[in-house]
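S.K.: Please read through the structure below; I'll follow up with questions.
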Amino acid sequence: MSVTSPAAAVIDRDRVAALTERQRAIHRERTAASGRMFARAAEVMPGGVPSQFQTGDPWPVYVERGQGARVWDVDGNEYLDFHNGFGVMCVGHANPVIAAAVKAQMDAGTHFAAPTEGSIAVAAELRRRWGLPHWRFTNSGTESTMDAIHLARGLAGKDVIVKIEGTYHGHHDAVMVSVKPPADLMGDRSRPASVAYGLGYPDAMVELTHVVPFNDAAALERLLDELGDTVAGVIMEPAMMNVNIVPPVPGYLEAVRALTRERGIALIFDEVKTGAAVAAGGATELYGVTPDVVCLAKAICGGLPGGAIGVTEELAALMADGRVRQQGTFNGNPLVMAAAQATLTEVLTDEAYAQLHAANKRLMAGCERVIAEYALPAHTVGMGSKGCVVFSSEPVREYRDYLEKIHHDLSDLAWLYHMNHGIFMTPGRDEEWTLSVLHTDADLDRYVEVFETFARDVTSAL
Ligand SMILES: Cc1ncc(COP(=O)(O)O)c(C=O)c1O
Numbered sequence: 002m003s004v005t006s007p008a009a010a011v012i013d014r015d016r017v018a019a020l021t022e023r024q025r026a027i028h029r030e031r032t033a034a035s036g037r038m039f040a041r042a043a044e045v046m047p048g049g050v051p052s053q054f055q056t057g058d059p060w061p062v063y064v065e066r067g068q069g070a071r072v073w074d075v076d077g078n079e080y081l082d083f084h085n086g087f088g089v090m091c092v093g094h095a096n097p098v099i100a101a102a103v104k105a106q107m108d109a110g111t112h113f114a115a116p117t118e119g120s121i122a123v124a125a126e127l128r129r130r131w132g133l134p135h136w137r138f139t140n141s142g143t144e145s146t147m148d149a150i151h152l153a154r155g156l157a158g159k160d161v162i163v164k165i166e167g168t169y170h171g172h173h174d175a176v177m178v179s180v181k182p183p184a185d186l187m188g189d190r191s192r193p194a195s196v197a198y199g200l201g202y203p204d205a206m207v208e209l210t211h212v213v214p215f216n217d218a219a220a221l222e223r224l225l226d227e228l229g230d231t232v233a234g235v236i237m238e239p240a241m242m243n244v245n246i247v248p249p250v251p252g253y254l255e256a257v258r259a260l261t262r263e264r265g266i267a268l269i270f271d272e273v274k275t276g277a278a279v280a281a282g283g284a285t286e287l288y289g290v291t292p293d294v295v296c297l298a299k300a301i302c303g304g305l306p307g308g309a310i311g312v313t314e315e316l317a318a319l320m321a322d323g324r325v326r327q328q329g330t331f332n333g334n335p336l337v338m339a340a341a342q343a344t345l346t347e348v349l350t351d352e353a354y355a356q357l358h359a360a361n362k363r364l365m366a367g368c369e370r371v372i373a374e375y376a377l378p379a380h381t382v383g384m385g386s387k388g389c390v391v392f393s394s395e396p397v398r399e400y401r402d403y404l405e406k407i408h409h410d411l412s413d414l415a416w417l418y419h420m421n422h423g424i425f426m427t428p429g430r431d432e433e434w435t436l437s438v439l440h441t442d443a444d445l446d447r448y449v450e451v452f453e454t455f456a457r458d459v460t461s462a463l
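Per our numbering, the very first residue in the sequence shown carries number 2; after that it's consecutive.
Written out as structure tokens, the structure reads:
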């Protein structure tokens, strides 16, 4: 899954800084209309964006439209889209199958806040894919992980939650802890500090969330022993997806499953990113470990805002009689259900997953060829429709590796090269690509071509 390049070239930091300056200037010039839109937007939206994740330097790129594997920005630049809406758009933009399903539902009414048959079909399909017997719907990944934690606490009658250092699970109080803690605040690895991710999270809440490094079952065992019978549950992404991609080491998820089961505490897999993007049954299928709760959102609804949680019989009973109040006006909205049903049963079929896996393999192989040819200090990691180039010669196994081992300036520069050469990438040095079923081999090869331009410029003699 991860290939390390032999004998990496020494990277000239001054050269990287000079190239970054040049590419920044090109980016500013190419996106001047976005700059003007940003000035307007900043008057009415904090930071000029609807969500903090959409900020950009010097401004966000404002998008006008998308079709298939392409998007166009307000300057008229055309891009091949590897950002794909933070990994939502595995179906591709303006997919006619999704459009027809949503249009048909639109004509039959948009919203009733009463159950419709579509929700039964989607719940049944999620059950088939993940094997968990009962499903409820939410409106986002944040709501999915929030409901999961309420359920874990409700079942256990305990308040403490354990999460992985460096992971993001949405922006509710219980999980906005040690998301990207700064090195000077994160404490010793043997007992990481709980660090609030921004203002507005009460200390009393932050103290209820404890953190451990990823890929270290012994550290989790020590923490659970220390916390004793105060713990309600453990929440984790089965593969970390916000510090590039960090897969679980063999045996880790099995060990976590055994530790949580022995103690009778809930294991929550946050599959908001991995979900329907890495396999039909997500990372749960890929790694063969089933948690007590699966949290979904992003790719399952084909571009409409929605999420879901899948749970055991025991947890389902808590919702069925309302002891844990899982609710909301828009949950199971008919438009979202129509899009989810079309996504899961018509577009993201078994053949589509085979296609996505093959496409990802091709893209990773292309990047690996470039890495080897130019002796970049980098390797690729990927699964299903998702992958990335990690700018480190060594494998990254946890958040602290990500802080210490990665050439972050190369990640930033690669982003600029891609954007300036028509490859739309997720903002943020720590992200990954997501492929859609509408990407062609030519699209993938173009990505590799641009990556090679970057590699040649970074490594060529001054
Ligand atoms: C792993 C994970 N969990 C939860 C969330 C929150 O999802 P949302 O932005 O839909 O609230 C995200 C968002 O990026 C995520 O990556």
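Don't be surprised by glycine CBs; every beta carbon is placed ideally from N, CA and C.
Would you check if the stretch 300-308 and the stretch 331-342 touch, i.e. whether three or more CB-CB distances between them fall below 8 angstroms?
M.R.: yes
S.K.: Taking the alpha-carbon of M187 as reference, which of L404, H422, D174 and A415 has the nearest alpha-carbon?
M.R.: L404
S.K.: To which residues of the same chain is A18 closer than 8 angstroms at the C-beta, ignoring the five residues directly before and after it?
M.R.: D410
S.K.: How do the stretch 155-171 and the stretch 210-225 stand: do at least 3 beta-carbon pairs fall below 8 angstroms, yes or no?
M.R.: yes
S.K.: Consult DSSP for E525 and reduce its assignment to one of helix, strand or coil.
M.R.: This structure cannot settle anything about residue 525, because the visible part of the chain is limited to 2 through 463.
S.K.: Alpha carbon to alpha carbon, how far is D431 from R14? Give it in angstroms, no decimals.
M.R.: 20 angstroms
S.K.: Could you pull out every residue in the same chain whose Cβ sits closer than 6 angstroms to the Cβ of Y63, ignoring the five residues on either side in sequence?
M.R.: These residues qualify, in order along the chain: S35, M38 and V75.
S.K.: Three-state secondary structure (DSSP) at Y288?
M.R.: Y288 falls in the helix class under three-state DSSP.
S.K.: Please specify which runs of the alpha helix (DSSP H), each continuous and at least 4 residues long, are wholly inside the stretch 275-363, giving them in chain order.
M.R.: Taken in chain order, the unbroken stretches of alpha helix (DSSP H) that lie wholly in the stretch 275-363 and span 4 residues or more are 276-279, 283-288, 314-321 and 335-343.
S.K.: I want to check one thing, is the minimum distance from the CB of E238 to the heavy atoms of ligand 1 below 7 angstroms?
M.R.: yes
S.K.: Return the first residue and the last residue of the beta strand (DSSP E) that W73 is part of.
M.R.: R71 to D74
S.K.: So what does W434 bridge to, in DSSP terms?
M.R.: G388
S.K.: Given a threshold of 16 other Cβ atoms within 10 Å of its Cβ, counted over all protein chains shown, does E399 qualify as buried or as exposed?
M.R.: Buried, because 16 or more other Cβ atoms sit within 10 Å of the Cβ of E399.
S.K.: Which residues in the same chain have their Cβ closer than 7 angstroms to the Cβ of P249, if we skip the five residues on either side of it in sequence?
M.R.: Only N216, P239, A240 and Y288 meet the Cβ criterion.
S.K.: Let me check you understand the geometry: is the CB of A149 closer than 7 angstroms to at least one non-hydrogen atom of ligand 3?
M.R.: With respect to ligand 3, the structure shown offers nothing to examine, as its ligands consist of ligand 1.
S.K.: Report whether the distance from the Cβ of D271 to the nearest heavy atom of ligand 1 is below 7 angstroms.
M.R.: yes
S.K.: Taking the straight line between their C-alpha atoms, what separation do you get for I269 and T454?
M.R.: In this structure, the alpha-carbon of I269 lies about 42 angstroms from that of T454.
S.K.: So what does DSSP say about F113, is it helix, strand or coil?
M.R.: Coil at F113, not helix or strand.
S.K.: If we ignore side chains and look at the alpha-carbon of each, how far apart do K181 and M242 end up?
M.R.: 13 angstroms
S.K.: Work out the CA separation of G383 and M2 for me, nearest whole Å.
M.R.: Any reading at M2 must be qualified, since the residue scores a pLDDT of 42, below 50, and its modelled position is unreliable; the value itself is stated next. In a straight line, the C-alpha of M2 is about 6 angstroms away from that of G383.
S.K.: By how many angstroms is the C-alpha of L133 removed from the C-alpha of V290?
M.R.: 12 angstroms
S.K.: Going by DSSP, what residue range makes up the alpha helix (DSSP H) through Y80?
M.R.: Counting along the chain, Y80 falls outside any alpha helix (DSSP H), though it belongs to the beta strand (DSSP E) covering E79 to D82.
S.K.: What's the C-alpha gap between K159 and L127?
M.R.: Distance between the alpha carbons of K159 and L127 is about 29 angstroms.
S.K.: Tell me, please, which residues DSSP counts as bridged to V247.
M.R.: M241
S.K.: Ordered along the chain, which non-local residues of its own chain (more than five positions away) have a Cβ less than 8 angstroms from that of S120?
M.R.: So the qualifying residues of the chain are F138, G333 and M338.
S.K.: Using a 10 Å radius around the Cβ and a threshold of 16 neighbouring Cβ atoms, would you call V11 buried or exposed?
M.R.: exposed
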